[in-house]
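In this note's numbering, the protein residues as written are 51 to 344.
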């Protein structure tokens with residue numbers, strides 16, 4: 051697949067996951083059939099109960115990723131009517147400057163605002179997503195599928211969960227019906243779930259011949275980052291990476307190997323299988339919607 055087409059697929063997958071997880075869209079934006087699947091599975095709706103349910107995990111993810119000082123500075127901005135507090139002084143600290151940079155990312159900043167009343171100067175407990183889901187130490191294929199369902203059900207997740215959903219979205223892409231053209235174009239594309247070995251981030255890498263082969267050719271692979279809702283031409287282009295990181299990546303788990311689009315086989319059974327397949331139906335529908343916009 052050409053780099054331009056690969057980038058569209060990665061971007062569509064990243065946006066499909068991010069818009070669902072962050073609440074930028076909701077079930078009402080889907081057709082009746084897809085909407086009913088979400089309701090039957092108890093997936094999130096944009097309501098107060100869900101906000102309360104997920105706030106600890108979302109803020110926990112922000113603290114884990116950005117650090118307490120940056121998150122505190124963001125809420126100082128919000129508390130001061132989105133203006134730089136006079137208490138910051140003439141020379142900004144790195145955390146304060148970072149907060150101003152994050153303020154420019156309108157969708158992220160708006161999400162911080164949604165949780166402003168729950169921040170309480172960082173005094174509230176903010177468990178990591180894995181702790182909140184009771185899924186720490188997940189190592190089996192069934193456990194990873196269950197973790198993906200929990201992330202979708204509670205509409206929250208850090209880079210590990212969102213990239214897992216992106217990986218599953220692409221590797222379970224249907225081969226027929228309204229997905230036939232999208233699958234046919236991408237059927238030879240290889241999808242891997244990757245993490246940094248010297249930095250804390252997770253993502254999906256798509257490639258033509260597998261990343262181990264294609265990493266030497268920037269035109270042959272693309273980075274899909276659902277946590278940020280976008281794709282990157284290489285591992286250096288994303289603000290989370292530095293120059294050496296192209297050589298410091300590893301597959302997340304042997305249970306979720308690098309495979310071709312549409313070839314994933316679910317390990318879950320019974321009601322657990324119904325749930326993970328239902329989540330994928332919704333994300334596949336969102337993926338086609340996003341792909342059509344690009």
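Glycine residues also receive a C-beta, built at the ideal position from the N, C-alpha and C atoms. Note that the structure is predicted; figures quoted are calculated from it, not measured.
Write down the C-beta distance between residue 212 and residue 276 rounded to the nearest angstrom, noting that I regard them as a contact closer than 8 Å.
4 Å
Close-in-space but distant-in-sequence residues of the same chain around residue 192 (CB under 6 Å, 5 per side omitted)
317, 318
Euclidean distance between Cα positions of residue 137 and residue 331
50 Å
Grab me the residues of residue 142's own chain with a C-beta within less than 6 Å of its C-beta, minus the 5 sequence neighbours each way, in chain order.
none
Could you give the C-beta distance for residue 194 and residue 305, rounded to a whole number, given that I count them as a contact under 8 Å?
Correct: roughly 6 Å between the Cβ atoms.
What does residue 309 pair with, by DSSP beta-bridge criteria?
241
Reduced DSSP category for residue 102 - H, G, I as helix; E, B as strand; rest coil:
Residue placement at residue 102 is flagged as unreliable, the pLDDT there being 49, under the threshold of 50; the coordinate-derived value follows with that caveat. The answer is helix: DSSP assigns residue 102 an H, G or I state.
Use the C-beta contact count for residue 58: other C-beta atoms within 10 angstroms, 16 or more gives buried, fewer gives exposed.
buried
Residue 256 lies in the beta strand (DSSP E); which residues open and close that run?
252 to 257
Could you name the residues that DSSP lists as bridge partners for residue 301?
244
Compute the Euclidean distance between the alpha carbons of residue 313 and residue 214, then round it to the nearest angstrom.
15 Å
Check for me: the alpha helix (DSSP H) holding residue 203 runs from which residue to which?
191 to 204
Closer than 6 Å by C-beta to residue 121: which residues in its own chain qualify, once you throw out the five before and the five after it? Chain order, please.
112, 113
How about residue 284 and residue 268: are their beta carbons less than 8 Å apart?
yes
The beta strand (DSSP E) that contains residue 271, what's its start and end?
271 to 275
Answer yes or no: do residue 61 and residue 344 have a C-beta to C-beta separation smaller than 8 Å?
yes
Let's see if you can read the secondary structure: which residues bound the alpha helix (DSSP H) around residue 318?
Residue 318 -> no alpha helix (DSSP H), and no H or E assigned at all.
Relative to the C-alpha of residue 322, which residue among 86, 154, 55, 200 is closest?
200
Distance, Cα to Cα, residue 203 vs residue 140?
45 Å
Status (buried if at least 16 other CB within 10 Å, exposed otherwise) for residue 51
buried
How far does the alpha helix (DSSP H) with residue 282 in it extend, from its first residue to its last?
Per DSSP, residue 282 belongs to no alpha helix (DSSP H); it is in the beta strand (DSSP E), 280 to 282.
Which whole-angstrom value is the C-beta distance of residue 152 and residue 124, which I expect to be below 8 Å?
6 Å
Where does residue 175 sit, in a helix, a strand or coil, going by DSSP?
Any reading at residue 175 must be qualified, since the residue scores a pLDDT of 49, below 50, and its modelled position is unreliable; the value itself is stated next. Residue state, collapsed to three classes: coil.
When burial is assigned at 16 or more other CB atoms within 10 Å of the CB, is residue 259 buried or exposed?
Exposed is the call here.
Residue 320, buried or exposed, once every other Cβ within 10 Å from all chains shown has been counted against 16
exposed
Give the single residue among 117, 167, 170 whose Cα lies nearest to the Cα of residue 149.
117
Kindly indicate the opening and closing residues of the alpha helix (DSSP H) around residue 86.
Looking at the DSSP string, the run of the alpha helix (DSSP H) that includes residue 86 is 82 to 91.
Those runs of the alpha helix (DSSP H) which lie wholly inside the stretch 135 to 173 and span at least 4 residues:
144 to 153, 156 to 164, 166 to 169
Once DSSP output is grouped into helix, strand and coil, what is the label at residue 344?
Taken through DSSP and simplified to helix, strand or coil, residue 344 comes out as coil.
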